[in-house]
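Trainee: Submitted below is the structure of interest, expressed as structure tokens.
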Amino acid sequence: MTDATPAPASPPSRRARVRAPELIGKGGWLNTGEMSYTLADLRGRVVILDFWTFCCINCLHVLDELRELEEKHRDTVVIIGVHSPKFVHEAEHQSVVDAVERYGVHHPVLDDPELATWKQYAVRAWPTLVVIDPEGYVVAQHAGEGHAHAIAKLVEELEAEHAAKGTLRRGDGPYVPPEPVATGLRFPGKALVLPGGHFLVSDSTRHQLVELDADGETVVRRIGTGVRGFGPDSFSEPQGLALLPDGKVIVADTVNHALRTYDPVSGAIETVAGTGRQWWQGSPTEGPALEVDLSSPWDVAWWADRVWIAMAGVHQLWTYDPATGTVGVAAGTTNEGLVDGPAAEAWFAQPSGLAAAGDRLWIADSETSALRYVERAGEGDGQADGFVIRTAVGAGLFDFGHRDGAAEQALLQHPLGVTALPDGSVAVSDTYNHALRRYDPATGEVTTLATDLREPSDAVLVGEDIVVVESARHRLTRLRLPEEAVKVEAVAHRTQREATEVAPGALRLDVVFTAPTGQKLDTRYGPSTRLLVSATPPGLLAEGDGAGTDLHRELVLADGVTEGVLHVSAMAASCDDDPANEYPACHVHQQDWGVPVRVGDTGTSRLALVLAGLGA
Numbered sequence: 008m009t010d011a012t013p014a015p016a017s018p019p020s021r022r023a024r025v026r027a028p029e030l031i032g033k034g035g036w037l038n039t040g041e042m043s044y045t046l047a048d049l050r051g052r053v054v055i056l057d058f059w060t061f062c063c064i065n066c067l068h069v070l071d072e073l074r075e076l077e078e079k080h081r082d083t084v085v086i087i088g089v090h091s092p093k094f095v096h097e098a099e100h101q102s103v104v105d106a107v108e109r110y111g112v113h114h115p116v117l118d119d120p121e122l123a124t125w126k127q128y129a130v131r132a133w134p135t136l137v138v139i140d141p142e143g144y145v146v147a148q149h150a151g152e153g154h155a156h157a158i159a160k161l162v163e164e165l166e167a168e169h170a171a172k173g174t175l176r177r178g179d180g181p182y183v184p185p186e187p188v189a190t191g192l193r194f195p196g197k198a199l200v201l202p203g204g205h206f207l208v209s210d211s212t213r214h215q216l217v218e219l220d221a222d223g224e225t226v227v228r229r230i231g232t233g234v235r236g237f238g239p240d241s242f243s244e245p246q247g248l249a250l251l252p253d254g255k256v257i258v259a260d261t262v263n264h265a266l267r268t269y270d271p272v273s274g275a276i277e278t279v280a281g282t283g284r285q286w287w288q289g290s291p292t293e294g295p296a297l298e299v300d301l302s303s304p305w306d307v308a309w310w311a312d313r314v315w316i317a318m319a320g321v322h323q324l325w326t327y328d329p330a331t332g333t334v335g336v337a338a339g340t341t342n343e344g345l346v347d348g349p350a351a352e353a354w355f356a357q358p359s360g361l362a363a364a365g366d367r368l369w370i371a372d373s374e375t376s377a378l379r380y381v382e383r384a385g386e387g388d389g390q391a392d393g394f395v396i397r398t399a400v401g402a403g404l405f406d407f408g409h410r411d412g413a414a415e416q417a418l419l420q421h422p423l424g425v426t427a428l429p430d431g432s433v434a435v436s437d438t439y440n441h442a443l444r445r446y447d448p449a450t451g452e453v454t455t456l457a458t459d460l461r462e463p464s465d466a467v468l469v470g471e472d473i474v475v476v477e478s479a480r481h482r483l484t485r486l487r488l489p490e491e492a493v494k495v496e497a498v499a500h501r502t503q504r505e506a507t508e509v510a511p512g513a514l515r516l517d518v519v520f521t522a523p524t525g526q527k528l529d530t531r532y533g534p535s536t537r538l539l540v541s542a543t544p545p546g547l548l549a550e551g552d553g554a555g556t557d558l559h560r561e562l563v564l565a566d567g568v569t570e571g572v573l574h575v576s577a578m579a580a581s582c583d584d585d586p587a588n589e590y591p592a593c594h595v596h597q598q599d600w601g602v603p604v605r606v607g608d609t610g611t612s613r614l615a616l617v618l619a620g621l622g623a
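So the sequence shown is numbered by my numbering: it starts at 8 and just counts up by one.
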């Protein structure tokens, strides 16, 4: 890394006196026993607003980051999830209800389908955390992951300050758990067919694997304690499953950031990759499998003599080689988006489904609503060997819908699964369209095989039938593959967020970062900040794209392009500011933004994005 000039330090964020806007959400409140709340009702408590949407892997990471703080400060802190949808499906109230249970959200949630509270707080990215003090003032804002330690320290300071002032109120919070529902499966994720004809299903919300009889309904056995954990017989929201050549099943133990194996004969569970810790920028990207951190592995597949991993948490594909006991990055840069080409240069966005099919590995790239694939490089790819990434269906992060026809104009909506079919085509579990779709490489056409499924997340072949994991109906559903496609009315959508009006020409980009109290930027080994800027369409920027180490950048908008999206990725590392400590504790803060912009003469010439602190 080269030298960097950090963003100017701002005054301690908690001293700013900004009155918190009211909480508004057309969908109402969840996890409160049907009670509604205002900020006045919460006066005397530290309130943390978590702006999230359930498609977003970074938001799911933050849910896990906040669990310890939520438990430790339960009598003084109220966390409120403000659900702010990206996809059309996420604006459906029942979908939010399902997601709150699916991901174990144990605090009140405000369903804000029209982004009313999001706009009131000028939020620009998922996830964003806003801290409100016991007197109702905003004292901090953090975008992205890695802020739990800073918020925990701020909470302790606020508790002490307001206890001394007499403005702190302790007691039970507004959280009321929903009544449990008895079903054989609860939000199952993925499935496979065992050699004897039984099904093995990842029962994600119950932190188990479940073996079902060939009828797809009768429970034969449950694997795992059913309690979230990383012990020898426990899982945490497992997802992907794949058979290995030795007969064992490899499991993507998603929230444990690990790969486990399960032996259907002996019942033994073994950790084969991952440490239980989440991978962060700067961590090793290859090495002994049990010594390298992973990040939310969502699916696995055996292809090209190794296990391929859809590493949703860092927008990459990794591989695990059981013969050598090693893991490493196979494709992707960690930048979020849709870019094809040599594997090392490709961009993904939460790859969540894999299917091996001969010389191709198919990928459901969920956040770009895309079907993509890996294949070995050929003569026309500009490289002698290695792998390349190609897109069959999908346009990018902001275009989605349900439209059949030629692949170049067809649309999906957040697919999570892909299944190779006998004729060389692939079935796509088109999750947020509640449909099973088909792409035929021979014709380049996309069709619809079935509708009226509820959040299908995977499918497996059984003879002439296809068995679909209907995640939000908590069951497996057997379908006969139709000879003719189902006809549906075509719809197309773009993410509905208000565009920021910017002036033509020069645009100053500032990423605001204030190190947490008692910490400073970690400059011991060079720059501790990183900024990456790109645009859709690429022609939106005449100057200023690319990577750098400053948290500010002078951009120049191109003439003739009137709208687009600025993609900004920022990272900052901070460490304890104690010269006497030879080994200070360090933390990484990072976030990706997709900022819709519209060029106009009355627009702003400065775009400020808050990574941590206030001042936007």
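Glycine included, C-beta positions come from ideal geometry on N, C-alpha and C.
(1) Out of curiosity, what's the CA-to-CA distance linking residue 372 and residue 306?
(2) Exposed or buried, what is residue 636 when buried is set at 16 or more other beta-carbons lying within 10 Å of its beta-carbon?
(3) By the DSSP assignment, the alpha helix (DSSP H) with residue 66 in it spans what residues?
(4) Whose C-beta lies closer than 6 Å to the C-beta of residue 570 among residues of the same chain, with five residues either side of it excluded?
(5) For the alpha helix (DSSP H) containing residue 527, name the first residue and the last one.
(6) Who are the near neighbours of residue 161 in its chain, counting only those whose CB is closer than 8 Å to its CB and skipping five residues on each side?
(7) Can you have a look at residue 273 and say buried or exposed, based on whether 16 or more other CB atoms are within 10 angstroms of its CB?
(8) Confirm, please, whether the CB-CB distance from residue 595 to residue 195 is below 7 Å.
(9) Drop a sphere of 10 angstroms on the beta-carbon of residue 42, count the other beta-carbons inside from all chains shown, and report buried for 16 or more, exposed for fewer.
(10) On the criterion of 16 or more Cβ atoms from any shown chain inside 10 Å, does residue 172 qualify as buried, or is it exposed?
(11) So, at 6 Å on beta carbons, what are the nonlocal neighbours of residue 24 in its own chain, with the 5 sequence-adjacent residues on each side left out?
(12) Counting only the same chain and skipping the five closest in sequence on each side, list residues whose C-beta sits under 6 Å from that of residue 102.
(13) Along the beta strand (DSSP E) that carries residue 232, what are the first and last residues, could you check?
(14) Can you check which of these residues, 312, 48, 207, is closest to residue 330 by C-alpha distance?
(15) Helix, strand or coil, according to DSSP, for residue 205 in the structure here?
(16) For residue 189, which option in 32, 480, 620, 343 has the closest C-alpha, if you only look at C-alpha atoms?
(17) Classify residue 604 as helix, strand or coil using the three-state DSSP reduction.
(18) Please report the Cβ distance between residue 224 and residue 207, rounded to the nearest whole angstrom; I am assuming they are in contact, meaning their Cβ atoms lie under 8 Å.
(19) Distance check for residue 255 and residue 381, CA to CA, integer angstroms please.
(20) Evaluate contact between the region 178-185 and the region 56-66, counting only Cβ atoms and requiring at least three cross-stretch pairs below 8 Å.
(21) Mind reading off the beta-carbon distance from residue 552 to residue 613? Whole number of angstroms is fine, and I expect it under 8 Å.
(22) Taking one C-beta from the region 81-98 and one from the region 124-134 each time, how about it: are there three or more such pairs within less than 8 Å?
(23) On the criterion of 16 or more Cβ atoms from any shown chain inside 10 Å, does residue 27 qualify as buried, or is it exposed?
(24) Might you give, ordered along the chain, the residues of its own chain that have their beta carbon closer than 7 Å to the beta carbon of residue 449, omitting 5 neighbours on each side?
(25) For residue 246, collect the residues of the same chain with a Cβ closer than 7 Å to its Cβ; drop the 5 residues on either side in sequence, then sort them by chain order.
(26) Just checking, does the region 348-362 make contact with the region 395-403 on the three C-beta pairs under 8 Å criterion?
(27) In whole angstroms, what is the alpha-carbon distance linking residue 263 and residue 383?
(28) Strictly by DSSP, which residues pair up with residue 295?
(29) DSSP three-state label for residue 125, please.
(30) Which of helix, strand or coil does DSSP assign to residue 265?
(31) Give me the residue from 104, 47, 94 with the minimum Cα distance to residue 38.
(32) What does the alpha-carbon distance come out to for the pair residue 327 and residue 342?
(33) Report, in whole angstroms, the separation of the C-beta atoms of residue 30 and residue 45, which I expect to be a contact under 8 Å.
(34) Between which two residues does the alpha helix (DSSP H) holding residue 109 run?
(35) Of the residues 50, 592, 610, which one's Cα is nearest the Cα of residue 508?
(36) If the criterion is Cβ atoms closer than 7 Å, does the pair residue 619 and residue 149 meet it?
Mentor: Considering the structure as presented:
(1) 11 Å
(2) Only positions 8 to 623 of the chain appear in this structure, which leaves residue 636 out of reach.
(3) 64-79
(4) 605
(5) That residue, residue 527, is in no alpha helix (DSSP H); its beta strand (DSSP E) goes 526-528.
(6) 21, 138, 146, 147, 523, 524
(7) exposed
(8) no
(9) exposed
(10) exposed
(11) 144
(12) 96
(13) From DSSP, residue 232 is part of no beta strand (DSSP E); its letter is neither H nor E.
(14) 312
(15) coil
(16) 480
(17) strand
(18) About 14 Å separates the two Cβ atoms, so there is no contact after all.
(19) 25 Å
(20) no
(21) Not really, about 18 Å apart at Cβ, beyond 8 Å.
(22) yes
(23) buried
(24) 431
(25) 196, 197, 209, 211, 259, 261, 305, 306
(26) yes
(27) 31 Å
(28) 333
(29) helix
(30) strand
(31) 104
(32) 21 Å
(33) 7 Å
(34) 100-109
(35) 610
(36) yes
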